[in-house]
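Below: the structure, in structure tokens.
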Amino acid sequence: MTETQRTWSEAESARYRAAGHWQGTTFGTRLREGAAGHGGRVALVDGERRWTYAELDAEADRVARGLGGLGIGRGDRVVVQLPNCAEFVLVWFGLQRLGAVPVHAMPGHRRREIGHLVRAAGAVACVVPDRHARFDHRELMREVRAEQGPDGPLRHVVVVGEPGSDEGFVSFEALRTKPPLVSGPGPHDGGADAADVALLLLSGGTTGLPKLIPRTHDDYSYNARACAEVCALGTRTVYLAVLPLGFNFTFACPGVLGTLMAGGTVVVAPDPSPQTAFALVEREGVTLTSLTPPLVPHWMDEAASGSWDLASLSVVQVGGARLPEDHARRLGPTLGVTVQQVFGMAEGLINLTRLDDPEDLVHATQGRPVSPDDEVLVVDADGRPVPDGAAGELLTRGPYTLRGYYRAEEHNRTAFTPDGYYRSGDVVRRLPSGHLVVVGRIKDQINRGGEKVAAVEVEEQLLAHPAIAAAALVGVPDERWGERSVAFVVCAGAAPGTREVAAFLKERGLAGYKTPDEVVQVPGLPLTAVGKVDKAALAGRLPRP
Ligand code: OOB
1 MTETQRTWSE AESARYRAAG HWQGTTFGTR LREGAAGHGG RVALVDGERR WTYAELDAEA
61 DRVARGLGGL GIGRGDRVVV QLPNCAEFVL VWFGLQRLGA VPVHAMPGHR RREIGHLVRA
121 AGAVACVVPD RHARFDHREL MREVRAEQGP DGPLRHVVVV GEPGSDEGFV SFEALRTKPP
181 LVSGPGPHDG GADAADVALL LLSGGTTGLP KLIPRTHDDY SYNARACAEV CALGTRTVYL
241 AVLPLGFNFT FACPGVLGTL MAGGTVVVAP DPSPQTAFAL VEREGVTLTS LTPPLVPHWM
301 DEAASGSWDL ASLSVVQVGG ARLPEDHARR LGPTLGVTVQ QVFGMAEGLI NLTRLDDPED
361 LVHATQGRPV SPDDEVLVVD ADGRPVPDGA AGELLTRGPY TLRGYYRAEE HNRTAFTPDG
421 YYRSGDVVRR LPSGHLVVVG RIKDQINRGG EKVAAVEVEE QLLAHPAIAA AALVGVPDER
481 WGERSVAFVV CAGAAPGTRE VAAFLKERGL AGYKTPDEVV QVPGLPLTAV GKVDKAALAG
541 RLPRP
């Protein structure tokens with residue numbers, strides 16, 4: 001198959017290298033260098049288990065040997081769907097050591113999403129837990145394999161835990177303890193080049209199926225390092241990973257990679273509850289963590305109980321969705337921390353408020369770009385820049401923002417401007433200081449507390465229901481989630497209830513967070529002047545919260 005991956009021009013690449021943003025080092029080599037430089041420091045903690053940098057490096061070798069023994073090698077894509085546990089990090093670096101490419105799936109993804117990811121990425125393997133959150137991922141993998149048929153790309157299922165007896169299902173534990181086939185050290189990174197794709201992230205999506213985002217070693221390590229610099233990370237940093245590890249925010253903004261590149265310690269939280277997190281803060285001396293806005297009130301309530309010693313915690317990042325200003329104002333004093341707002345996207349651009357920004361900016365803006373070479377345009381409907389302070393769509397390009405989705409040439413033609421700017425679909429205002437305020441969205445997406453739902457994807461599934469003739473999924477303001485999803489449906493007879501729709505979509509293999517919070521029957525869908533479904537008018541029909 002001939003494919004062209006849109007990427008940065010030679011001139012831009014040279015500029016980013018000359019500026020020191022792109023350092024020409026792969027993740028596999030970085031880990032080896034970390035082990036050589038500070039091998040005795042603790043890199044990773046999960047419950048009672050801990051790995052020094054030297055141990056993490058040796059473990060990456062073992063995992064690479066096991067995966068390499070399955071025939072996985074440079075450039076091969078592997079879907080990683082693991083909950084928050086150390087194995088996510090071990091598998092990730094094991095793949096980097098082979099020059100293979102992890103595809104970050106979310107724990108909540110189901111048959112539809114995982115099947116699509118395998119096909120879209122051409123993945124040769126998936127790594128899953130046996131069970132998680134009362135769900136059997138082996139069963140999911142059986143269904144995905146059956147759907148792919150014998151000609152599908154998927155060859156291996158690696159199971160963390162009990163693999164069962166299916167052919168092609170192998171135990172992670174057995175892989176990593178296999179004796180070496182060949183002796184002596186191989187390359188640190190399977191011979192990968194720093195300009196190669198190091199991982200594939202998933203877009204929040206605005207179309208029927210989520211797109212894959214190629215991130216190179218050069219660009220993604222700059223993403224992590226630029227964030228780490230703004231957050232002043234160092235060897236004393238202890239980062240608590242509360243949100244899913246596969247989320248770009250948790251993994252590299254600065255998150256896991258930024259912390260490891262700074263020589264700090266990553267602590268994995270198995271769930272995002274404040275009780276779990278605060279116990280880890282006390283025990284491990286956590287200094288930094290990141291949250292989505294719906295967690296903030298729970299964390300404040302628990303901290304206000306006064307039963308925890310949070311003295312080590314110095315910075316709490318909040319991002320993924322708009323943080324209500326009142327919460328931004330109260331979070332710092334309640335936890336005794338510096339708050340940092342984060343407005344980022346898997347596609348690239350990361351905006352952070354600075355640790356020394358005046359309070360007004362921290363409370364009321366979503367930060368400014370981390371790199372001096374991030375280019376941001378705020379434009380009107382005709383693509384013309386608007387003055388500072390006026391609202392417009394955010395377009396961006398730069399040293400770590402993609403130039404094209406993976407194998408999505410048609411979508412790429414409209415998702416980018418001819419000169420390579422990514423059309424974010426976010427409506428922002430830019431202040432003279434460069435800080436951005438997110439004021440809305442023109443993409444047809446619902447942001448449910450940081451989890452993104454492409455309206456079209458759910459609408460397509462709703463139309464498969466025999467009783468539903470037309471459907472529109474609309475985001476409406478919600479106290480808890482910021483936004484919740486309401487499905488407006490047109491039916492000849494009685495409309496299915498919210499629960500029935502949830503069961504129907506679950507049966508079709510859709511991730512649970514995409515199910516509509518509410519189903520409302522309407523006689524017809526109102527249209528705008530240009531004949532599109534008028535979602536604003538639909539939202540206006542609901543009683544105000
Ligand atoms: C993060 O990444 P994605 O890819 O899940 O979602 C990106 C979209 C943005 O385009 C924007 O619509 C929304 O999420 N968003 C925010 C926001 N942060 C993200 N909207 C309002 N306020 C914010 N602070 O969500 C992501 C990636 C890296 C770091 C942080 C978040």
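Under full-length UniProt numbering, the residue at position 414 of the sequence shown is numbered 414, and the numbers go up by one with no gaps.
Think of the CB as a built atom: it goes at the ideal place given N, C-alpha and C, for glycine as much as any other residue.
Decide if residue i is buried, meaning its Cβ has at least 16 other Cβ atoms within 10 Å, or exposed.
i	result
residue 134	exposed
residue 543	exposed
residue 530	exposed
residue 325	exposed
residue 178	exposed
residue 532	exposed
residue 507	exposed
residue 419	exposed
residue 477	exposed
residue 439	exposed
residue 512	exposed
residue 356	exposed
residue 528	exposed
residue 46	buried
residue 275	exposed
residue 34	buried
Return helix, strand or coil for residue i, following the three-state DSSP convention.
i	result
residue 72	coil
residue 374	coil
residue 574	The chain is shown only over 1 to 545; residue 574 falls outside these bounds and no answer can be derived.
residue 396	strand
residue 535	helix
residue 405	coil
residue 350	strand
residue 223	helix
residue 195	coil
residue 310	coil
residue 258	helix
residue 161	coil
residue 38	helix
residue 21	coil
residue 92	helix
residue 61	helix
residue 509	coil
residue 274	helix
residue 451	strand
residue 385	strand
residue 98	helix
residue 280	helix
residue 7	coil
residue 140	helix
residue 369	strand
Which stretch, first to last residue, makes up the beta strand (DSSP E) that contains residue i?
i	result
residue 104	101-104
residue 485	482-491
residue 126	125-129
residue 360	That residue, residue 360, is in no beta strand (DSSP E); its alpha helix (DSSP H) goes 359-364.
residue 518	518-521
residue 472	468-478
residue 317	315-319
residue 441	436-441
residue 495	Taken as a continuous stretch (DSSP letters only), residue 495 belongs to no beta strand (DSSP E), as it is neither H nor E.
Starting from residue i, trace the alpha helix (DSSP H) both ways and give me its first and last residue.
i	result
residue 416	Here residue 416 belongs to no alpha helix (DSSP H), and DSSP marks it neither H nor E.
residue 296	296-304
residue 118	111-121
residue 462	455-463
residue 326	325-335
residue 216	Looking at the DSSP string, residue 216 is not in any alpha helix (DSSP H); the run it does join, the beta strand (DSSP E), is 212-216.
residue 80	Here residue 80 belongs to no alpha helix (DSSP H); instead the beta strand (DSSP E) covers 77-80.
residue 175	172-176
My assumption, with CB atoms under 8 Å, is that residue i sits in contact with residue j. Please give the rounded CB distance.
i	j	result
residue 261	residue 303	Not confirmed; about 30 Å, so no contact.
residue 79	residue 120	Actually they are not in contact, since the Cβ atoms of residue 79 and residue 120 sit about 10 Å apart, beyond 8 Å.
residue 82	residue 160	6 Å
residue 232	residue 266	At roughly 17 Å, the Cβ-Cβ gap does not stay under 8 Å, so residue 232 and residue 266 are not in contact.
residue 38	residue 16	The pair is not a contact, with the Cβ atoms about 27 Å apart (cut-off 8 Å).
residue 434	residue 482	Residue 434 to residue 482, Cβ: 25 Å. No contact.
residue 454	residue 115	Between residue 115 and residue 454 the Cβ distance is about 16 Å, and since that is not below 8 Å, they are no contact.
residue 93	residue 56	7 Å
residue 316	residue 331	7 Å
residue 320	residue 292	4 Å
With a threshold of 6 Å, establish whether the CB of residue i neighbours any heavy atom of the ligand GTP.
i	result
residue 253	This structure lacks the ligand GTP; its bound ligands are the ligand OOB.
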